[in-house]
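Number of protein chains: 2
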Amino acid sequence: MASGSPQTPGRLLAAATDLFARRGFHATSIRDIAERAGANVAAGHYHYGSKRGLYVQVLRAQFALVRELTTRDGALPSKRVLARWPRRELIALLTRRVAGTVEVLLDPPSQAHGALMLREMCDPTDALPIIVDEFIRPQMKETARIVACLAPHASARTVEQVVRSIIAQVLFYRFTMPATLLLIGAPRYSRRFLNEMTAHVIRFSIGGLAHVGRGRRRRDSPRGRR
Amino acid sequence: MASGSPQTPGRLLAAATDLFARRGFHATSIRDIAERAGANVAAGHYHYGSKRGLYVQVLRAQFALVRELTTRDGALPSKRVLARWPRRELIALLTRRVAGTVEVLLDPPSQAHGALMLREMCDPTDALPIIVDEFIRPQMKETARIVACLAPHASARTVEQVVRSIIAQVLFYRFTMPATLLLIGAPRYSRRFLNEMTAHVIRFSIGGLAHVGRGRRRRDSPRGRR
DNA sequence: GCATCGATGAAACAAGTGTTTTAATCGAAC
DNA sequence: GTTCGATTAAAACACTTGTTTCATCGATGC
Numbered sequence: 071m072a073s074g075s076p077q078t079p080g081r082l083l084a085a086a087t088d089l090f091a092r093r094g095f096h097a098t099s100i101r102d103i104a105e106r107a108g109a110n111v112a113a114g115h116y117h118y119g120s121k122r123g124l125y126v127q128v129l130r131a132q133f134a135l136v137r138e139l140t141t142r143d144g145a146l147p148s149k150r151v152l153a154r155w156p157r158r159e160l161i162a163l164l165t166r167r168v169a170g171t172v173e174v175l176l177d178p179p180s181q182a183h184g185a186l187m188l189r190e191m192c193d194p195t196d197a198l199p200i201i202v203d204e205f206i207r208p209q210m211k212e213t214a215r216i217v218a219c220l221a222p223h224a225s226a227r228t229v230e231q232v233v234r235s236i237i238a239q240v241l242f243y244r245f246t247m248p249a250t251l252l253l254i255g256a257p258r259y260s261r262r263f264l265n266e267m268t269a270h271v272i273r274f275s276i277g278g279l280a281h282v283g284r285g286r287r288r289r290d291s292p293r294g295r296r
Numbered sequence: 071m072a073s074g075s076p077q078t079p080g081r082l083l084a085a086a087t088d089l090f091a092r093r094g095f096h097a098t099s100i101r102d103i104a105e106r107a108g109a110n111v112a113a114g115h116y117h118y119g120s121k122r123g124l125y126v127q128v129l130r131a132q133f134a135l136v137r138e139l140t141t142r143d144g145a146l147p148s149k150r151v152l153a154r155w156p157r158r159e160l161i162a163l164l165t166r167r168v169a170g171t172v173e174v175l176l177d178p179p180s181q182a183h184g185a186l187m188l189r190e191m192c193d194p195t196d197a198l199p200i201i202v203d204e205f206i207r208p209q210m211k212e213t214a215r216i217v218a219c220l221a222p223h224a225s226a227r228t229v230e231q232v233v234r235s236i237i238a239q240v241l242f243y244r245f246t247m248p249a250t251l252l253l254i255g256a257p258r259y260s261r262r263f264l265n266e267m268t269a270h271v272i273r274f275s276i277g278g279l280a281h282v283g284r285g286r287r288r289r290d291s292p293r294g295r296r
């Protein structure tokens, strides 16, 4: 290895992750990345081929990291096993999943992942199909497994919609973060805000799930005026 | 007026709206805009001062248009009046609002608005505070008025959270559109998909609302195993 | 000790960027 | 018909972009 510091590729990746997440692909120049990594512009091309190649690696690394984080407490039991769990345990499991997602998406240390995800929705790249297949789809399938056990009479389509409704509520706070922070007048989400938010999402979703999973009728069931 | 066509500024704005929405601010050059508008690069600077100025005007025009669309069936009644409405009517009102938002955000003709909103969340500009104050905040306050009447015993904070949960579900389909379309294996949201989605969001939210608005207890109320 | 090869630094390259300048052109008012 | 102000077109400007080139450095193998 030449002069410089020991791991140029790693420092480049870290710098690129941060800058791509914060400013986006187009607004980030490889000179910015190189400067922040304490490396030369040519180093980027040497190790990653091109700016786009570097971006793809950043995306891959970031999603792999998150996947690892969210599956740290072991694999999800099979549907057969899960179906025997008491309702309380299923809700606790769902709560842990939601809390984990909140942590990954909204806790400052891992801000990059949410930002990159948002950017990929804004300007999809070749990496999106891979991310969907390897990360989003299994994640949703697992959540669906829990939801299906919580509402055994619901159709597969209904379960899918419920899963989307649950995930939507968490993603909302990440995707609308700039606007929501302005609305609540805070510089960032406080730990307390996130905790209360998580609790609300679970409560709201359990209620919604009970309502849509009840039957197939279209009209909302009258339940007595409040 | 010189040669060219009659309304250069309008054509520039239309071209810019389309391109900014589709490619984003950085990825769109004023030469692209000029070419698409059949105008010269200098015309943009003459009428809008700068690229950023043009972008701000695009944003303003787009949000004004949507604001006009969503308030077309008159102003929302006051909370006092709304409080006397039967539950069924309140739900119908909420449904119309959600359906209107779905139409604005996800119907092809008005795709630009959702895209620009998403981009503003990715890379907030000086226009965001204005958009939040003049568009998002009133929109949420109005929805909160309906929700508050549907759950009269809920605290203001709970109402806010419910409003966010409802809006979140609609925004989800817009913000995650590239990924969700890949997941469901469709090139675009079909009319039927959107209708079923809207119905689900309402049902799910009514259930969630009933659950969170019931009391202040933290635990979810046991309702008998299903 | 010398050649080799992976890795790096500095500079140059061609292309594209937003912006400005300058001149030409138009319609309408006098 | 001329003049004037508003609008457009073409070119140039200064700058940044991603990428490439080439010389150099450092360790490793013989």
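Sequence order for the protein chains is A and B.
Residues in the first sequence are numbered consecutively from 71, following this note's numbering.
Residues in the second sequence are numbered consecutively from 71, following this note's numbering.
Even glycine gets a Cβ: it sits at the ideal position worked out from N, Cα and C.
Contact check, residue i vs residue j, beta carbons under 8 Å
i, j, result
"residue 239 of chain A", "residue 238 of chain B", "yes"
"residue 205 of chain A", "residue 93 of chain A", "no"
"residue 244 of chain A", "residue 170 of chain A", "no"
"residue 257 of chain A", "residue 198 of chain B", "no"
"residue 246 of chain A", "residue 191 of chain B", "yes"
"residue 242 of chain A", "residue 241 of chain B", "yes"
"residue 283 of chain A", "residue 223 of chain A", "yes"
"residue 101 of chain A", "residue 111 of chain A", "yes"
"residue 201 of chain B", "residue 89 of chain B", "no"
Contacting residues, own chain, Cβ-Cβ under 7 Å from residue i (five flanking each side not counted)
i, result
"residue 71 of chain B", "Low local confidence applies: a pLDDT of 42 at residue 71 of chain B is under 50, so the model's placement there is unreliable, and no value is given."
"residue 165 of chain B", "272"
"residue 174 of chain B", "136, 139, 140, 180, 183"
Own chain residues within Cβ distance below 6 Å of residue i, not counting five before or after
i, result
"residue 217 of chain B", "229, 232, 233"
"residue 91 of chain B", "182, 185, 186"
"residue 212 of chain A", "146"
"residue 236 of chain B", "275"
"residue 259 of chain A", "176"
"residue 87 of chain A", "128, 182"
"residue 155 of chain B", "none"
Residue environment, residue i, which counts as buried when at least 16 other CB atoms sit within 10 Å
i, result
"residue 148 of chain B", "exposed"
"residue 193 of chain A", "buried"
"residue 275 of chain A", "buried"
"residue 85 of chain B", "buried"
"residue 120 of chain A", "exposed"
"residue 281 of chain B", "buried"
"residue 144 of chain A", "exposed"
"residue 225 of chain A", "exposed"
"residue 289 of chain B", "Summary for residue 289 of chain B: the model assigns pLDDT 44, below 50, so the residue's position carries little reliability, and this model does not support an answer."
"residue 189 of chain B", "buried"
"residue 172 of chain B", "buried"
"residue 99 of chain A", "exposed"
Whole-angstrom distance between residue j and residue i, CA atom to CA atom
i, j, result
"residue 107 of chain B", "residue 221 of chain A", "54 Å"
"residue 180 of chain A", "residue 127 of chain A", "17 Å"
"residue 117 of chain A", "residue 132 of chain A", "18 Å"
"residue 80 of chain B", "residue 268 of chain B", "34 Å"
"residue 215 of chain B", "residue 251 of chain A", "21 Å"
"residue 103 of chain B", "residue 270 of chain A", "45 Å"
"residue 153 of chain B", "residue 146 of chain B", "12 Å"
"residue 150 of chain A", "residue 219 of chain A", "9 Å"
"residue 261 of chain B", "residue 167 of chain A", "32 Å"
"residue 134 of chain A", "residue 157 of chain B", "47 Å"
"residue 163 of chain A", "residue 96 of chain B", "42 Å"
"residue 159 of chain A", "residue 265 of chain A", "19 Å"
"residue 208 of chain B", "residue 227 of chain B", "16 Å"
"residue 142 of chain B", "residue 203 of chain A", "41 Å"
Nonlocal neighbours in the same chain, by C-beta distance under 8 Å from residue i, ignoring five residues either side
i, result
"residue 77 of chain A", "none"
"residue 254 of chain B", "263"
"residue 82 of chain B", "103, 104, 107, 109, 113, 114, 117, 118, 124"
"residue 196 of chain A", "126"
"residue 161 of chain A", "220, 272, 276"
"residue 178 of chain B", "258"
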